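Chemist: What follows is a single structure, and I will ask about it in a moment.
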Amino acid sequence: MMRRAALIAVPYLWLLVLFLAPFLIVLKISLSDAALAIPPYTPTLKDGIGALISELDFENFVFLTEDDLYWKAYLSSLRIALISTFLTLLVGYPIAYGMAKAPEEWRPTLMMLVILPFWTSFLIRVYSWMGILSNEGLLNQLLTWLGLINEPLTILNTNTAVYIGIVYTYLPFMILPIYAALDRMDSSLNEAAEDLGCSKMQAFWLVTIPLSKNGIIAGSFLVFIPALGEFVIPSLLGGSGTLMIGKVLWEEFFNNRDWPVASAVAVILLLILVIPIVLFQRNQQKQQEAEQ
Amino acid sequence: MSQSVFAPWDDPNEKPLIRFQNVTKRFGEFVAIDDLTLDIYAQEFFALLGPSGCGKTTMMRMLAGFESVTEGKIELAGQDIGPVPPNERAVNMMFQSYALFPHLSVWENIAFGLKRDRKSKAEIEARVDEMLKLVRLEKFARRKPHQISGGQRQRVALARSLAKAPKLLLLDEPLGALDKKLRQDTQFELMDIQETTGTTFVIVTHDQEEAMTVASRVAVMDEGRIIQVATPAAIYEYPNSVYVADFIGDVNIIEAEARPSGEDEYSLNWIEGQAPIKATSQKTFSDGQKVHLAIRPEKIRISTEKPDDADNAMQGKVLDIAYLGNLSTYHVELPTGQIIKAQTANTRRIARRDITWEDPVWISWSATAGVLLEH
Amino acid sequence: MRRLSWFNVTSLTLGFAFLYLPMIVLIVYSFNASKLVTVWAGFSTKWYGELFRNEAFLDAAWVTIKVAVISSTFATVLGTMAAYVLVRGGRFLGRTLFSGMIYAPLVMPEVITGLSLLLLFIGIGLDRGVLTIVLAHTTFSMCYVSVVVSSRLVTFDRSLEEAALDLGASPWESFRLVTLPIIAPAVISGWLLAFTLSLDDLVIASFTAGPSATTLPIKIFSAVRLGVSPEINALSTIMILIVTVGVISASLVSKQSAVRAQKDARAAERTA
């Protein structure tokens, strides 16, 4: 029994100290005031518990609502995450569908090809688009050579580049759950639909899409949730006009050294994330129950 | 047969190997084992028989040490085993799934328990070889479990659990995963091995034929209770309840009112306007007591003419015939609407059978053929 | 087997081209003689030479590998323990909180994890360096390990452990001799996942690294912020190559063992 207690206690304590406690500190600092000190906020723990509680306030949150930079950043993050999730679905579904229809002996290889990018550095994959999308980059060179454009298109440092970056890096997360759903599907269902008078297209809309719904939902959440707090993609591919909350938090912290505001931004980002996370959890649970 | 001599349960001086004393096991609200008392003797081949969920597996897991006892105690060779963890009990178990370690060879699987006892290398080798010989798997020692057949896996599991020469071997549905033909062969093999090693076996099964074949005694269980413990023959011939009579083999049950008509003799009024049935019973019933008469189909004779020497005879009509090759079971409908099953051996060719569907027939049985059971 | 329709062939071709072309371009241009990354000026391996002479990169690479090995090893031990607790722990006080803390880091934006850990380290006065990065990486990758391992443990036949106990093994022996060897593939993939995550991480490392320790992703990030650099192309090529060889050989090994298992199963049926 001692052994069991130790087994539970070690990972439990680790997470309490290095996950939950930091989190409570963020919450606490988001309610503190900025100060020209090290650490740059008051009250600190040294000031005693009484001062700690009486001096905490929601000032930083009020500040966030007053400065429309933050409003815009939240809304723009949501918009960028939504649009890129939708685009990822558009790109990912045909690939997943093609994989599910491919001959059995190809599938492990195709599967590996989808997973391989996941193991390569995220940073490098984002970086690889910089050389392609820049003004004198390969895409513009190609388009000029084809005679489609006379002047280079500005893609890098715009939201378009951010969409491309998100679609590219999160594509495997969309493909895999959809493929799993399509792979489980009995192909005789489509034949039955056609036998009952559907055209191929109708069978696709009326049978295939509804049956892969769970894969679509899971994939969309898997793209949407991390895209919302994304930092690397907007800061490498986006421009000064690209407002994303992850980037704002980073800048508040490293450039402005305003820890209380950075913490408040983090708290609100988390509150926004709670809704999709809870919905995702519920969807997963429903799916598991359906399988049993 | 040794069985006729081997009956330690009838000897008041014999000390049981295992004693369940008022054992109760609850899982939350659910009572899995309900105030159960049972003695099992050394060298017995004891079968726990019952439908799924009757508590037989829980009893076995309590013996192995995987479940604790909620109330009461279990003794092994006079010692309370409640506080002993499973790895320190002189009890081994053969799992229903066999639970062979997939990453170890057949040889290493059998040696696993011996190595835990820190036995010398030579000792382990000798014992493993002995066990491999016992189950005739010498040639497969180096194979992994997935490289041998289901029947061979079953034998490896048996060898592994016997290797430590336990006082008691538990077998959880040991033949459940085998097909019917292999199962019958293996039943006899199990009995041979039990006899040569002299180990006490406790087997859990839901297959009544299996229990009857292998066991020296059978305990029929239902809803956490033991309904009857007896030798297979006694269970079959003298069930103590309708539940047992019905669970083991096929049976006709007739409800009636008992009327004593002599020493151990009763006449049973079963339906208005019909002649009473004659029956004998060692157990006494009061006048007018409601009883069940249980008669096995093979104890009922079927004939076209009225038999003149039978204690009980009644006329009916053949409703259905189930032809099983060696036997035929006739479903005979009485004028009262009741259906009685009668079974005969097919000693003649089917073409020469003289009874067929819709035929009026007589069924008859002797006064001693049935068993009277309390209502 | 039905042939693939033209639609499926097109979507697969375009899809995989989209996934792989950017990386292929990167690899090709790492051998470009010109400093101008987008103009091809002949084949050269000089950027690889530059890369290996760049002390700062080599130092960062060494720190990164050190951090990744240590943190993924710790994460594997802790994550396997956590998985065991989740699947086998039964009921205990604060179980919901525990499983919440396991799953939350998986969906937590990295900026928040990084920020919160940094605030903790400053709060308790821990100097930022290799130790703090290791602590941070261990914490978030142990959650990934525990998800991988617990999905294996859920399907683990518990009677195997009971059989080991029954044959006289202590609980620890039964884990070491039976459970661990059988779930080893999951534990190893958990370790690899943790290793890759640590190797790859920019955001959390940026928050928790101090001036004394810089990791490779931090180095790369500050270099590419200023634009495309041929040295980074060379570095990327090396990293992509290592991963590709690793993933392909892993999938070959698993394919081979699947084929062997099939053959064994057939052989077993024959001897029956």
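Line order of the protein sequences matches chains A, B and C. Basically this note's numbering = 1-based index in the first sequence + 27. Basically this note's numbering = 1-based index in the second sequence + 677. Basically this note's numbering = 1-based index in the third sequence + 1083. All C-beta atoms, glycine included, are put in the ideal place defined by N, C-alpha and C. All of these numbers come straight from a predicted model, not from anything done at the bench.
Is the Cβ-Cβ distance between C:Ala1187 and C:Ser1281 less than 8 Å?
Modeler: no
Chemist: For A:Leu300, which three-state DSSP category applies?
Modeler: helix
Chemist: Could you round the C-beta distance between C:Ala1277 and C:Ser1154 to whole angstroms and report it? I think they count as a contact, below 8 Å.
Modeler: 7 Å
Chemist: When the cut-off is 8 Å and only beta carbons count, does A:Val53 lie next to chain C?
Modeler: Look at A:Val53: its C-beta is under 8 Å from a C-beta on chain C.
Chemist: Could you please give the first and the last residue of the uninterrupted alpha helix (DSSP H) stretch that includes B:Gly1037?
Modeler: As written in the sequence, residue 1037 of chain B is Pro, which differs from the Gly given in the question. Looking at the DSSP string, B:Pro1037 is not in any alpha helix (DSSP H); the run it does join, the beta strand (DSSP E), is Pro1037 to Trp1042.
Chemist: Which of helix, strand or coil does DSSP assign to A:Gln311?
Modeler: helix
Chemist: Please determine, among B:Val897, B:Leu777, B:Val812 and B:Phe962, the residue with the shortest C-alpha to C-alpha distance to B:Ala935.
Modeler: Checked all of B:Val897, B:Leu777, B:Val812 and B:Phe962; the closest Cα to B:Ala935 is B:Phe962.
Chemist: What residues in the stretch 1255-1268 of chain C have a beta carbon less than 9 Å from any beta carbon of chain B?
Modeler: Glu1256, Ser1257, Leu1260, Val1261, Pro1264, Ile1265 and Ala1267
Chemist: So, is the C-beta of C:Tyr1167 closer than 8 Å to a C-beta in chain A?
Modeler: Chain A, which has a Cβ nearer than 8 Å to the Cβ of C:Tyr1167, makes this yes.
Chemist: State the Cα-Cα distance for the pair C:Thr1297 and C:Thr1147, rounded to the nearest angstrom.
Modeler: 8 Å
Chemist: Listing by chain order, which chain C residues have their CB less than 7 Å from the CB of B:His883?
Modeler: By Cβ distance, chain C contributes nothing, its closest Cβ being about 18 Å from B:His883, past 7 Å.
Chemist: Using 8 Å as the threshold, is the C-beta distance between B:Phe697 and B:Ser893 below it?
Modeler: no
Chemist: Could you give the DSSP three-state label for B:Phe704: helix, strand or coil?
Modeler: strand
Chemist: Applying a beta-carbon distance threshold of less than 8 Å, which residues of chain C neighbour B:Asp794?
Modeler: Neighbours of B:Asp794 on chain C, chain order: Gly1251.
Chemist: Could you tell me whether the stretch 1311-1328 of chain C touches the stretch 1133-1146 of chain C, where touching means 3 or more Cβ pairs closer than 8 Å?
Modeler: yes
Chemist: Under 9 Å Cβ-Cβ, which residues of chain A neighbour C:Pro1294?
Modeler: In chain order: nothing, as chain A lies at least about 14 Å away.
Chemist: In three-state DSSP terms, what is B:Ser838?
Modeler: In this structure, B:Ser838 counts as helix in the three-state DSSP scheme.
Chemist: With 8 Å set as the bound, which would you pick, yes or no: does the beta-carbon of C:Val1311 sit closer than that to a beta-carbon of chain A?
Modeler: yes
Chemist: Alpha carbon to alpha carbon, how far is B:Leu1004 from B:Gln720?
Modeler: 36 Å
Chemist: Look at C:Val1108 and A:Ser155 and say whether their C-beta atoms are less than 8 Å apart.
Modeler: Inclusion of C:Val1108 and A:Ser155 in the CB contact set at 8 Å is warranted, their separation being smaller than that value.
Chemist: Whose CA, out of B:Ala952, B:Asp988, B:Asp1036 and B:Glu691, lies closest to the CA of B:Asp997?
Modeler: B:Asp1036
Chemist: For the beta strand (DSSP E) that contains B:Asp687, what are its first and last residues?
Modeler: Segment: none, B:Asp687 is in no beta strand (DSSP E) and carries neither H nor E.
Chemist: Considering only residues of the same chain and omitting the five flanking positions on each side of B:Gly901, which have a CB-CB separation below 6 Å?
Modeler: Val708, Ala709, Ile710, Asp711 and Gly732
Chemist: According to DSSP, simplified to helix, strand and coil, what is B:Gln680?
Modeler: Only weak support is given to the placement of B:Gln680: the predicted model assigns it a pLDDT of 46, under 50, and the question is left unresolved by the model.
Chemist: Compute every distance between the C-beta of B:Gly950 and the non-hydrogen atoms of the ligand SAM, then say whether any falls below 7 Å.
Modeler: Ligands in the displayed structure: none, and consequently the ligand SAM is not present.
Chemist: Any residues in the stretch 768-795 of chain B with a beta carbon nearer than 7 Å to a beta carbon of chain C? Which ones, in chain order?
Modeler: Asn769, Met770, Phe772, Ser774, Ala776, Phe778, Pro779, His780, Phe789, Gly790, Arg793 and Asp794
Chemist: Candidates B:Glu975, B:Thr882 and B:Glu1010: which alpha carbon is nearest B:Phe772's?
Modeler: Relative to B:Phe772, the option among B:Glu975, B:Thr882 and B:Glu1010 whose CA is nearest is B:Thr882.
Chemist: So what does DSSP say about C:Met1084, is it helix, strand or coil?
Modeler: Model confidence at C:Met1084 stands at a pLDDT of 41, short of 50, so the residue's coordinates are unreliable; what they give is reported in the following sentence. Of the three classes helix, strand and coil, the one that applies to C:Met1084 here is coil, per DSSP.
Chemist: According to the Cβ coordinates, are C:Lys1129 and C:Ala1116 closer than 8 Å?
Modeler: Yes, the pair counts as a contact, with Cβ atoms nearer than the cut-off.
Chemist: Output the distance between the C-alpha atoms of B:Ser679 and B:Phe817, rounded to the nearest integer angstrom.
Modeler: Annotation note: pLDDT 44 at B:Ser679 (below 50); position unreliable, no value reported.
Chemist: If we cut at 8 Å on Cβ distances, does B:Ile880 have a partner in chain C?
Modeler: no
Chemist: On the criterion of 16 or more Cβ atoms from any shown chain inside 10 Å, does A:Arg284 qualify as buried, or is it exposed?
Modeler: exposed
Chemist: Under 9 Å, CB to CB, which of the residues in the stretch 733-754 of chain B have a partner in chain C?
Modeler: Those would be Arg738, Ala741, Gly742 and Phe743, in chain order.
Chemist: Grouping DSSP H, G and I as helix and E and B as strand, with all else coil, what is B:Glu721?
Modeler: Residue state, collapsed to three classes: coil.
Chemist: Do three or more CB pairs link the stretch 974-991 of chain B to the stretch 951-959 of chain B at distances below 8 Å?
Modeler: yes
Chemist: Using C-beta distances below 6 Å, list every residue in its chain close to B:Ser980, excluding the 5 sequence neighbours before and after it, in chain order.
Modeler: Trp1039
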